[in-house]
Amino acid sequence: MARRDDWDYTYSSSDVEQLPWYYPKLDGDLGKEIRAMGLKRGKFLDIGTGPGTQAVNLAQMGFKVTATDISMMAVDKARKRAKKYHVKIKFLVDDILETKLKSNQFDFILDRGVFHTLEADERAKYVRNVRRILKRDGIYFMKCFSTKTPGHWGPYRFTKKQINEYFGGKFDIVSIRDSIFSGSLARKPKTLFCVMKPAS
Ligand SMILES: C[S@@+](CC[C@H](N)C(=O)[O-])C[C@H]1O[C@@H](n2cnc3c(N)ncnc32)[C@H](O)[C@@H]1O
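See below:
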């Protein structure tokens, strides 16, 4: 419960445009993958939508978007953004660790910055839940900080090997690439951008 309160505090006490992860455009890595794979239609879940920028971009591209966040304050702000841009998005307050979302329903799932905030003992449950709600032929996109980001501030950092260890078994790793986290920070954190499919 403390965590939900912390995220609510973050969203109620700040202008979303000042948050480090605020990026009004579609994440560049996600955009490249969508174009390369020729994805045009389908049900897209944006886990931990925060300001809702990614959800709005995906809806503008024609995807049928559901956007969730543990924080009601974040969902309120994301909902206002969707209204401003005249796009239809299904918003839900939902903790991915205790998710109420039904099984096998999404063609695509995006996590831009949630997994890397979870504690070590929460990660296996997260992986199980994401796998459960993704369709068997679905695609999962995830961006997290990499160990190439110096310092200890903010979220956890991961190596490619660790990502393989956490997700392997439940997911087949399609690719893990070094990238950056575009947002309001002048010095962009180094990330891993991961593409996965349910294990065959
Ligand atoms: C770093 S922000 C990224 C926001 C958004 N994805 C973006 O790219 O702008 C992480 C988001 O994850 C949400 N979050 C954290 N833990 C969560 C959980 N267990 N379930 C759902 N959302 C969560 C937070 O409220 C926050 O909005």
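Sequential numbering from 268 applies to the sequence shown in the numbering used here.
Even for Gly, the Cβ is constructed at its ideal location relative to N, Cα and C.
- For Arg390, the secondary structure class from DSSP, reduced to helix, strand or coil, is helix.
- Boundaries of the beta strand (DSSP E) harbouring Ile443: 438 to 447, taken from the DSSP string.
- Where Val323 is concerned, the enclosing alpha helix (DSSP H) starts and stops at 320 to 327.
- Ranked by how close their Cα comes to the Cα of Gln327, the residues Pro291, Leu364, Asp361 have Pro291 in first place.
- For the options Gly295, Phe358, Glu284, the alpha carbon positioned closest to that of Ser446 is the one of Gly295.
- Judged by DSSP in its simplified three-state form, Ser467 adopts coil rather than helix or strand.
- Shown here, Ile400 sits in a helix according to DSSP, grouped into three states.
- Remark: C-beta atoms of Val462 and Ile400 do not approach each other more closely than 8 Å.
- Take the alpha-carbon of Asp343 and the one of Ala453: they are about 27 Å apart.
- With fewer than 16 neighbouring CB atoms inside 10 Å of its own CB, Pro417 falls in the exposed class.
- For ligand 1, no non-hydrogen atom lies closer than 7 Å to the CB of Ile447.
- In terms of Cα proximity to Gly317, the closest of Phe375, Arg348, Leu385, Arg302 is Arg348.
- For Phe412 and Ala466, the gap between their C-alpha atoms comes out near 24 Å.
- About 16 Å separates the CB atoms of Leu377 and Ile430; that is not less than 8 Å, and the two are not in contact.
- At least one heavy atom of ligand 1 lies less than 7 Å from the C-beta of Asp362.
- In the structure shown, the three-state DSSP call for Tyr352 is coil.
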